[in-house]
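Report on the following structure.
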Amino acid sequence: MYGWRGRIGLIVPSTNTTCEMEFHKVIPEGVSLHTARCFLREDSAPSDRIESIAKMGGELLEAAKCVASVEPGIVVWACTSGSFIKGKGYDTELIGVLEKVVKVSVITTSTAVLEAFKRLEVRNVAMVTPYIDEINLKEKRFFEDSMPGLRIVKMSGLGILPNLPKGRLFPESAYLSAKEVNDNSSDSIFISCTNWRTLEIIELLEKDLKKPVISSVQATIWLAFKKLGLPSVEGYGQLLRKMDGRETQEDLRGSFERESKS
Numbered sequence: 008m009y010g011w012r013g014r015i016g017l018i019v020p021s022t023n024t025t026c027e028m029e030f031h032k033v034i035p036e037g038v039s040l041h042t043a044r045c046f047l048r049e050d051s052a053p054s055d056r057i058e059s060i061a062k063m064g065g066e067l068l069e070a071a072k073c074v075a076s077v078e079p080g081i082v083v084w085a086c087t088s089g090s091f092i093k094g095k096g097y098d099t100e101l102i103g104v105l106e107k108v109v110k111v112s113v114i115t116t117s118t119a120v121l122e123a124f125k126r127l128e129v130r131n132v133a134m135v136t137p138y139i140d141e142i143n144l145k146e147k148r149f150f151e152d153s154m155p156g157l158r159i160v161k162m163s164g165l166g167i168l169p170n171l172p173k174g175r176l177f178p179e180s181a182y183l184s185a186k187e188v189n190d191n192s193s194d195s196i197f198i199s200c201t202n203w204r205t206l207e208i209i210e211l212l213e214k215d216l217k218k219p220v221i222s223s224v225q226a227t228i229w230l231a232f233k234k235l236g237l238p239s240v241e242g243y244g245q246l247l248r249k250m251d252g253r254e255t256q257e258d259l260r261g262s263f264e265r266e267s268k269s
């Protein structure tokens, strides 16, 4: 039987070609992944894009019902913009609605990123995204409003409007974008979008920049694994590696320094 150790019910936008593959890179033996999709239109105007993202919220319930039929231990809405687009509290609103129906724990990517920020005790975040400016501003506002004391000190987006091309980006683009936005004003880097391939460059970025690096997919995996009681994962950054520990950011910085000397 597949999933004897745990089942993850994953919901992604219909045009997301990355998130499932990233999960499969790190999913441990005995854990199975089961996916449903919410239709996301490919738009050509910024106002249409924001509307299309918001509309996915109306389709989530049916997708959640479908994926819940396999009796997962957790249901995951793996879309960053799809869980912050309506502002502070939208992620928890979605969680509340879905949990009433699926009867298991539900998480969203935006919730996972907030929890990752708290876990690593970061306050001044440099954020890179593949999004257009209109969505970047909504994301900045969401995170700053949702976590008192958090600041998005620098922000840069690739300006890609439709979703499908984001899944064609090479991981090197995430590495280069993160390095470009990095400076002394930030204590961490956040790479947004579950359709941007990032897992394999997080470890290298942390060694090169000597600060925590969080990505949407990584944070989503981390919180899902944590909720299921799964062990830490090596090779994809401090967040996944220190899943079970209680290290502060000061402790993590010390580990960056030790690793850079080795």
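Numbering-wise, the working numbering comes out as the position in the sequence shown, counting from 1, plus 7. From the three backbone atoms N, C-alpha and C, an ideal C-beta is built for every residue, glycine too.
- The stretch 16-24 and the stretch 78-93 touch, with three or more beta-carbon pairs separated by less than 8 Å.
- Non-local C-beta neighbours of P178 in its own chain, meaning closer than 8 Å and more than five positions away in sequence, comprise R204, T205, L206, E207, I208, ordered along the chain.
- Between L247 and S239, the C-beta spacing is below 8 Å.
- Where P53 is concerned, there is no enclosing beta strand (DSSP E), although the alpha helix (DSSP H) around it starts and stops at 53-75.
- Contact fails between the stretch 52-69 and the stretch 213-230, because fewer than three Cβ pairs, one in each stretch, are under 8 Å apart.
- For A43, the uninterrupted beta strand (DSSP E) run begins and ends at 38-45, by DSSP.
- The beta-carbon distance between N170 and N191, rounded to whole angstroms, is 33 Å. This is too long to meet the 8 Å contact definition.
- By the C-beta criterion, the stretch 123-142 is judged to be in contact with the stretch 154-171, since at least 3 inter-stretch pairs fall below 8 Å.
- Counting along the chain, S153 sits inside the alpha helix (DSSP H) bounded by residues 140-153.
- For the stretch 176-205, the continuous beta strand (DSSP E) assignments of 3+ residues that do not extend past its boundaries occur at 195-198, in sequence order.
- Residue pairing by DSSP places K161 opposite A133 in a beta bridge.
- By the Cβ-count criterion, D55 is exposed, with fewer than 16 other Cβ atoms from all chains shown falling within 10 Å of its own Cβ.
- Our two residues, K95 and N143, have alpha carbons roughly 14 Å apart in a direct line.
- A distance below 6 Å between beta-carbons, with the five flanking residues on each side excluded, links A119 to the following residues of its chain, in chain order: A226, T227, L230.
- Note on Y9: under 16 other CB atoms within 10 angstroms of its CB, so exposed under the neighbour-count rule.
- Taking the CA atoms as reference points, Y138 sits about 24 Å from K125.
- Annotation: V77 to V224 spans about 23 Å, alpha carbon to alpha carbon.
- Rounded to whole angstroms, K233 and K249 show a C-alpha spacing of 11 Å.
- A straight line joining the alpha-carbon of E36 with that of A52 spans about 43 Å.
- L17 sits in a strand when the DSSP states are folded into three classes.
- When the five nearest sequence neighbours on each side are left out, the beta carbons in the same chain lying within less than 8 Å of the beta carbon of K110 are those of A75, in order along the chain.
- Considering only P155, T116, A181, D194, the residue with the shortest C-alpha distance to V129 is D194.
- Within the same chain, Cβ atoms closer than 8 Å to the Cβ of K72 are found at V108, V109, the five residues on either side in sequence being excluded.
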